[in-house]
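Undergrad:
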Amino acid sequence: MPLEHSPRPLWLTFDCYGTLIQWDEGLRTAIERILAEKGAHSVDPDTLLSVYDRHEHTLEQTPPHRSFRTLAGLSLQLAFKELGLPANDSDSALLTDSISAMPPFPEVPGTLQQLKALGYKLCIVSNTDDDVIAGNVAQLGGHIDRVITAQQAGAYKPNRRLFDYAHEQLGVGLDHVVHICASPHLDHAAARDIGFRCVWIDRGTGRQLLADYTPDAILPTLDGVPGLFKSLGW
Numbered sequence: 347m348p349l350e351h352s353p354r355p356l357w358l359t360f361d362c363y364g365t366l367i368q369w370d371e372g373l374r375t376a377i378e379r380i381l382a383e384k385g386a387h388s389v390d391p392d393t394l395l396s397v398y399d400r401h402e403h404t405l406e407q408t409p410p411h412r413s414f415r416t417l418a419g420l421s422l423q424l425a426f427k428e429l430g431l432p433a434n435d436s437d438s439a440l441l442t443d444s445i446s447a448m449p450p451f452p453e454v455p456g457t458l459q460q461l462k463a464l465g466y467k468l469c470i471v472s473n474t475d476d477d478v479i480a481g482n483v484a485q486l487g488g489h490i491d492r493v494i495t496a497q498q499a500g501a502y503k504p505n506r507r508l509f510d511y512a513h514e515q516l517g518v519g520l521d522h523v524v525h526i527c528a529s530p531h532l533d534h535a536a537a538r539d540i541g542f543r544c545v546w547i548d549r550g551t552g553r554q555l556l557a558d559y560t561p562d563a564i565l566p567t568l569d570g571v572p573g574l575f576k577s578l579g580w
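Following the numbering used here, the numbering of the sequence shown begins with 347 at its first residue and continues without gaps.
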């Protein structure tokens, strides 16, 4: 439903990586460090990232459900094998530890503080493990009320089960939630299938909208959200 003709939400749910946390920047830095430690200077980090990403998304939707740490390690091993590089257990540890340390985008903590002051409850819904995301949440200024992960739900986006689980845990209907995210492939597919309201933070990364879904609002950065909501009378 259009935001202009819908009720003020009780909860705002957020994708974490790419929306609140500097995922692309942090992941590339981690990949560059792993390649440097291997002496694989001829390998293009963007190529490795693309292959890793493909394997990760495939494994996330392949039964049985496994922890993000496990999937990250398997995805990295498969990517290395595909590119003819040696792999070891320390690669996975370096990667997941780097994810936990990724910082927020500069405007994020202050914007979350504003949204809390406006009376919204804030929840993260993320494709990760509880212990991985804990390091990121600790950098968000203490404004997050709830964190719901794939580990808790036993499912990864875009599987709607993660969002169904999140709404059940929050104890509210779809008309009491607005989801804010940066990933069309993962979050918009669920919004399309479930019918929850969705604001896309398009940070100019080149990610493309789905052919059959348009978000309810599009903003370049998170700090546009309070103004958008105020303009709606929320």
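Just so you know, even glycine gets a beta-carbon here, dropped at the ideal spot from N, CA and C. Computed from a predicted model, the values in this text were never measured in an experiment.
1. Tell me which residue opens and which closes the beta strand (DSSP E) that LYS467 is part of.
2. Could you name each continuous beta strand (DSSP E) segment of 3 residues or more that falls completely within the region 464 to 515, going from the start of the chain to the end?
3. For ILE494 and GLN515, which I take to be in contact (beta-carbon distance under 8 Å), what is that distance rounded to the nearest angstrom?
4. Using 8 Å for Cβ pairs, my map puts GLN554 next to PRO530. What's the rounded Cβ distance?
5. What separation, rounded to the nearest whole angstrom, lies between the Cα atoms of ARG506 and SER413?
6. Going along the chain, which unbroken runs of the alpha helix (DSSP H) with 4 or more residues stay wholly within the region 436 to 466?
7. Would you list, in sequence order, the uninterrupted beta strand (DSSP E) runs of no fewer than 3 residues that lie entirely inside the region 536 to 578?
8. I need the straight-line Cα distance from CYS469 to ASP569, nearest angstrom please.
9. Using the Cβ count rule (16 or more neighbours within 10 Å means buried), how would you classify ILE564?
10. Mark ASP390 as exposed unless 16 or more other C-beta atoms lie within 10 angstroms of its C-beta, in which case mark it buried.
11. Going by beta carbon distance, what residues of the same chain come within less than 8 Å of VAL478, once the five residues before and after it are set aside?
12. Determine the DSSP secondary structure at VAL523, reduced to helix, strand or coil.
13. What residue range does the beta strand (DSSP E) around THR365 cover?
14. Out of curiosity, what's the CA-to-CA distance linking ALA512 and SER388?
15. Can you grab the Cα-Cα spacing for the pair LEU458 / GLY488, in whole Å?
16. How would you label SER472, buried or exposed, when you count the other beta carbons within 10 angstroms and need 16 or more for buried?
17. From the DSSP secondary-structure annotation, give me the bridge partner or partners of TRP334.
18. Taking the C-alpha atoms as reference points, what is the distance between GLY465 and LEU578?
19. Can you list, in chain order, the residues of its chain whose CB lies under 8 Å from that of VAL523, leaving out five sequence neighbours each side?
20. Quick check on PRO530: does DSSP put it in helix, strand or coil?
21. Measure from the alpha carbon of LYS503 to the alpha carbon of each residue in ILE540, THR560, SER396, GLY456, then state which is nearest.
22. Please report how far the alpha carbon of CYS527 lies from the alpha carbon of TRP546, in whole angstroms.
TA: Well, looking at it:
1. Working through the sequence shown from its first residue, we reach residue 467 at position 121. LYS467 -> beta strand (DSSP E) spans 467 to 472.
2. 467 to 472, 492 to 495
3. Within the sequence shown, numbered from 1, the residue matching residue 494 stands at position 148. Within the sequence shown, numbered from 1, the residue matching residue 515 stands at position 169. 6 Å between Cβ atoms; contact.
4. Position 208 of the sequence shown, counted from the first residue, corresponds to residue 554. Position 184 of the sequence shown, counted from the first residue, corresponds to residue 530. Contact holds; Cβ gap of about 6 Å.
5. Position 160 of the sequence shown, counted from the first residue, corresponds to residue 506. Position 67 of the sequence shown, counted from the first residue, corresponds to residue 413. In a straight line, the C-alpha of ARG506 is about 18 Å away from that of SER413.
6. 454 to 463
7. Complete beta strand (DSSP E) runs here, min 3: 543 to 547, 563 to 565.
8. Position 123 of the sequence shown, counting from 1, holds the residue named residue 469. Position 223 of the sequence shown, counting from 1, holds the residue named residue 569. Taking the straight line from one Cα to the other gives about 17 Å.
9. As a working mapping, residue 564 is identified with position 218 in the sequence shown. Exposed: under 16 other Cβ atoms inside 10 Å.
10. The residue you call residue 390 lines up with position 44 of the sequence shown. By the neighbour-count rule (16 or more Cβ atoms within 10 Å), ASP390 is not buried but exposed.
11. Walking along the sequence shown from the start, residue 478 turns up at place 132. So the qualifying residues of the chain are PHE414, ARG415, THR442, ILE445, SER446.
12. To locate residue 523, count along the sequence shown from 1; it is residue 177. Reduced to three states, the DSSP call for VAL523 is strand.
13. Within the sequence shown, residue 365 is the residue found at index 19, counting from 1. No beta strand (DSSP E) contains THR365, which DSSP labels as neither H nor E.
14. If you number the sequence shown from 1, residue 512 lands on position 166. If you number the sequence shown from 1, residue 388 lands on position 42. Near 43 Å, if we compare the C-alpha coordinates of SER388 and ALA512.
15. Residue mapping note: residue 458 aligns to position 112 of the sequence shown, counting from 1. Residue mapping note: residue 488 aligns to position 142 of the sequence shown, counting from 1. Spanning the two alpha carbons is a distance of roughly 9 Å.
16. Taking the first residue of the sequence shown as 1, we reach residue 472 at position 126. It counts as buried.
17. Absent from the structure is residue 334, since the part of the chain shown begins at 347 and ends at 580.
18. Within the sequence shown, numbered from 1, the residue matching residue 465 stands at position 119. Within the sequence shown, numbered from 1, the residue matching residue 578 stands at position 232. Distance between the alpha carbons of GLY465 and LEU578 is about 15 Å.
19. The sequence position of residue 523 within the sequence shown is 177, counting from 1. Closer than 8 Å at Cβ, skipping near neighbours: PRO355, LEU356, TRP357, LEU358, THR359, HIS513, LEU516, PHE542, ARG543.
20. As a first step, residue 530 is located in the sequence shown; it is residue number 184 there, counting from the start. PRO530 falls in the helix class under three-state DSSP.
21. Counting from 1 along the sequence shown, the entry for residue 503 is found at position 157. Of the candidates ILE540, THR560, SER396, GLY456, the one whose C-alpha sits nearest the C-alpha of LYS503 is ILE540.
22. Here residue 527 refers to the residue found at position 181 of the sequence shown. Here residue 546 refers to the residue found at position 200 of the sequence shown. Taking the straight line joining both Cα atoms gives about 5 Å.
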